[in-house]
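Using my numbering, the letters of the sequence shown correspond one by one to residues 187 to 413. Ideal Cβ positions, reconstructed from N, Cα and C, are used throughout, including at glycine. Bear in mind that the values here come from a model prediction, so they are computed numbers and not experimental data.
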Amino acid sequence: MKFRAKAFAAIVCALWSATASASLVLDKVIIDLEADGPARGDIELLNDGEERMYVAVEPFEVLNPDTDFEKRVELTLEKSAPIFVSPRRLILEPGERRLLRIALLGERPEVERIFRVRVRPVSGDVVSETDGLKVLVGYDTLVLLRPALEAGSVVSDRESGSISVENRSNSSVEFFDGKACIIVTQECRTLAPNRLYPGEKWVFEAKADEQVEFLQARGRRVVSVKY
Numbered sequence: 187m188k189f190r191a192k193a194f195a196a197i198v199c200a201l202w203s204a205t206a207s208a209s210l211v212l213d214k215v216i217i218d219l220e221a222d223g224p225a226r227g228d229i230e231l232l233n234d235g236e237e238r239m240y241v242a243v244e245p246f247e248v249l250n251p252d253t254d255f256e257k258r259v260e261l262t263l264e265k266s267a268p269i270f271v272s273p274r275r276l277i278l279e280p281g282e283r284r285l286l287r288i289a290l291l292g293e294r295p296e297v298e299r300i301f302r303v304r305v306r307p308v309s310g311d312v313v314s315e316t317d318g319l320k321v322l323v324g325y326d327t328l329v330l331l332r333p334a335l336e337a338g339s340v341v342s343d344r345e346s347g348s349i350s351v352e353n354r355s356n357s358s359v360e361f362f363d364g365k366a367c368i369i370v371t372q373e374c375r376t377l378a379p380n381r382l383y384p385g386e387k388w389v390f391e392a393k394a395d396e397q398v399e400f401l402q403a404r405g406r407r408v409v410s411v412k413y
């Protein structure tokens, strides 16, 4: 499952001797570069701690997302890339805010391309004889590069005890605020959110006497769907 607006945290542990703490805060973890919107997006980084922070930024393209064949390809400065990410390294003083810019380079693709931009603090060497544990939390932000023209649709099929939803379009779709309600009693249960990338299929449980409803989003456009 891919949860709405969730930070995918990577935790790095290092030896530490000071009592002061550093905390990296991001104002968003998803950048959606829609065809009818700006070709760039900014993420604000905040050092919410009491010490200087060194931050590394590492972009990757994700191939075959959420499949057994998923692969990450690092976007290095030496190679041309479909997106521009800057800066790659930065220093944040306590309380300081800086913008991380992510922008489209070149033409939009025919099928959506998916990227992850890892934003993580990096720790210096330990110089004290007193050792402790420092936990540095980073974020695996999601970047969606939408196609210039959308094509295809999302189709569904209801069978005994389950519903299958398949994204046969060239752009990802997000499902959230889902619920399954017994038609007679209107007793409802909450359904987990999910994001369907192009070509991906999702099957979830749904009893015969339940009506299922989700909010379905493609970028800024949100509609209600029922099964």
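With fewer than three CB-CB distances shorter than 8 Å, the segment 241-251 does not count as touching the segment 363-376. The DSSP-derived three-state label of N250 is coil. Taking C-beta separations shorter than 7 Å and ignoring five residues to either side along the sequence, the partners of R404 in its chain run S357 and V359, following chain order.
Here DSSP, grouped into helix, strand and coil, assigns S350 to strand. Excluding the 5 residues flanking it on each side, A392 has same chain C-beta neighbours closer than 8 Å at R344, G347, S348, I349, A366, V398 and Y413, in chain order. A contact is defined here as three or more CB-CB pairs under 8 Å, and the segment 284-303 meets this definition with respect to the segment 256-273.
Collapsing the DSSP output to three states places E230 in a strand.
Within the model, the alpha-carbon separation for D218 versus V408 is close to 14 Å. Residue pairing from DSSP places G364 in a beta bridge opposite L377. For the pair V215 and T253, the Cα-to-Cα distance works out to about 22 Å. For the set G324, D326, V323 and S355, the Cα lying nearest the Cα of E336 is the one of S355. Non-local C-beta neighbours of A225 in its own chain, meaning closer than 8 Å and more than five positions away in sequence, comprise L219, A289 and L290, ordered along the chain. Secondary structure of L290 (DSSP, three-state): strand.
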